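Residue numbers (the UniProt record's numbering): 1 to 166.
Note that beta-carbon positions come from the ideal geometry of N, C-alpha and C, so glycine has one too.
These numbers come from a predicted model, not from an experiment.
Since the structure comes first, as structure tokens, the remarks are kept for the end.
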């Protein structure tokens, strides 16, 4: 368990993950293009691919990609050699800037799912002590299993509500 938590805290681990994602997306988009580097249109496709992965793999609400205007402005910031295209090194910086706000939103969602839900679960378990019949049954369930069940139920309900809204 400690090794898993170290990965969440390790800055180098996060950098490697971002690098891995950016390399994979850069190569995928570059292979579909005739150019060696990425143009604005290629970058927009890459951003859509990255946000598609984020929305598929990470818990929380659906996150819309940035507008084309925002992508253009970030592209100008990251285009170090001013050739109007983005190479692999510039692409890593580009992805980091584009996803900065997204990481904050996802982190808040994870905080709710992984910290708040178990805390509420334990408070609810304590509150059921006085309920006839149910209280004894709930008290027999180990805290770790009870908290896990309530957390999974919370994430499931959150996901179901998002699907209904779409």
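If you look at residue 73, you'll find it in the alpha helix (DSSP H) that goes 68-78. Within 10 angstroms of the beta-carbon of residue 52 lie fewer than 16 other beta-carbons, which makes it exposed. For residue 142, there is no enclosing alpha helix (DSSP H), as DSSP marks it with neither H nor E. Distance from the CA atom of residue 54 to the CA atom of residue 142, rounded to whole angstroms, is 34 Å.
In this structure residue 77 is exposed. Its beta-carbon is surrounded by fewer than 16 other beta-carbon atoms within 10 angstroms.
The Cβ atoms of residue 74 and residue 98 lie closer than 9 Å to each other. Sequence-distant partners of residue 122 (beyond 5 residues in either direction) whose C-beta falls short of 8 Å from its own C-beta, in its chain, are 143, 146 and 147. With respect to the C-alpha of residue 48, the residue from 31, 37, 39 and 66 having the closest C-alpha is 66. Nearest to residue 86 by alpha-carbon distance, out of 137, 135 and 46, is 46. Across the set 36, 149, 81 and 83, the C-alpha of 149 shows the shortest separation from the C-alpha of residue 117. In this structure, 71 is the residue among 20, 22, 71 and 27 with its C-alpha nearest to the C-alpha of residue 41. Taking the Cα of residue 26 as reference, the smallest distance to any Cα among 81, 95 and 64 is reached at 95. Of the residues assessed, residue 29 falls on the buried side of the cut-off, its CB having 16 or more other CB atoms within 10 angstroms. In this chain, the alpha helix (DSSP H) harbouring residue 88 covers 88-98.
Look at residue 82 here: in three-state DSSP terms it is coil, with no helix or strand label. Looking at the DSSP output, residue 38 shares a beta bridge with 86.
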